[in-house]
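Numbering (the working numbering), first residue to last: 9 to 255.
Here is the structure we will look at.
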Ligand SMILES: NC(=O)c1ccc[n+]([C@@H]2O[C@H](COP(=O)([O-])OP(=O)(O)OC[C@H]3O[C@@H](n4cnc5c(N)ncnc54)[C@H](OP(=O)(O)O)[C@@H]3O)[C@@H](O)[C@H]2O)c1
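Structure representation (structure tokens):
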């Protein structure tokens, strides 16, 4: 039986809720995991290296359950996430956050290959497990982390923009699939602007907010079962402009 979740203002209720945050060792994912754990959730947290989670595990104790997952290996990702979901006794909220972004000024192959492996195939592998888990339970929430970059190609991050366009459109299809198959499962596509994390490398970044601010807004969007959310909200204006501005 899934934990009953509700919102009172921005406060999360229910101490028996469970979540998995894929890519929880740093930045936005780490802030989401900490935000949920502070509200009493039990959170499965993943990284490619166990040591990247040691400090969090020491600090949060049995509120977090660590697992090594490298989404670049889709089969071991599917296996690992299913095992983690079993360990938690079921998952109310899936946060599909692991991702990479590399400034590639020379259009070198390796950064392109890496970005597409992680953000496209890796994202599909995480989604596969979340979708089938939620279908099995007949309920749940899935959040996928895209980016405002989905709106527009960029000369030095072509694979990043392309991969985030994939994430957003993929989630659109997944949402429609689940509407027929398991209507109580919600799919939230979040598109952050510039968030202050190790991944953010643009000197010209503006409206930068902390990972903690982003985390609170992402969790609120998921709990409210929003289909789409810009983070922070004002990025919706930039996204609309990017759609109509000349190249
Ligand atoms: N920061 C921004 O301005 C911004 C804006 C829009 C969207 N986003 C998106 O937000 C998400 C989180 O990014 P962030 O800014 O928080 O970056 P970050 O601080 O670099 O965190 C990335 C997380 O993903 C994990 N990860 C990376 N590659 C992985 C792989 N192959 N397999 C498994 N886990 C992997 C990392 O874990 P380990 O390294 O420990 O394995 C880490 O926990 C990404 O999807 C990113 O595209 C960020």
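All residues carry an ideal CB built from backbone N, CA and C; glycine is no exception.
Query, Result
"Considering only DSSP beta bridges, list what residue 26 is partnered with.", "50"
"Skipping 5 residues on each side, what residues in its chain have a beta carbon closer than 6 Å to that of residue 39?", "219, 220, 223"
"Are there 16 or more other CB atoms within 10 angstroms of the CB of residue 255, so buried, or fewer, so exposed?", "exposed"
"From which residue to which residue does the alpha helix (DSSP H) around residue 175 run?", "166-189"
"Quick check on this structure: which residue in 232, 27, 104 has the alpha carbon closest to the alpha carbon of residue 175?", "104"
"If you pair each beta-carbon of the region 76-87 with each one of the region 32-46, do three or more pairs fall below 8 Å?", "no"
"Would the region 243-252 count as touching the region 193-201 if we require 3 or more Cβ pairs under 8 Å?", "yes"
"Can you tell which of 112, 108, 156 has its C-alpha closest to the C-alpha of residue 251?", "156"
"Does the distance between the C-beta of residue 60 and the nearest non-hydrogen atom of ligand 1 fall short of 7 Å?", "yes"
"Rounded to the nearest angstrom, what separates residue 30 and residue 191 at their Cα positions?", "24 Å"
"So which of 57, 78, 123, 139 has the shortest CA-CA distance to residue 184?", "139"
"Report yes or no: do the region 105-119 and the region 57-76 share at least 3 C-beta pairs separated by less than 8 Å?", "no"
"Between residue 238 and ligand 1, is the CB less than 7 Å from at least one heavy atom?", "no"
"Kindly indicate which residue of 116, 193, 235, 214 has the alpha-carbon position closest to the one of residue 101.", "193"
"Counting pairs of Cβ atoms below 8 Å between the region 112-128 and the region 159-170, do you hit three or more?", "yes"
"Whose C-beta lies closer than 6 Å to the C-beta of residue 131 among residues of the same chain, with five residues either side of it excluded?", "175"
"Any heavy atom of ligand 1 closer than 7 Å to the Cβ of residue 235?", "no"
"Taking the alpha-carbon positions, what's the residue 133 to residue 77 distance?", "11 Å"
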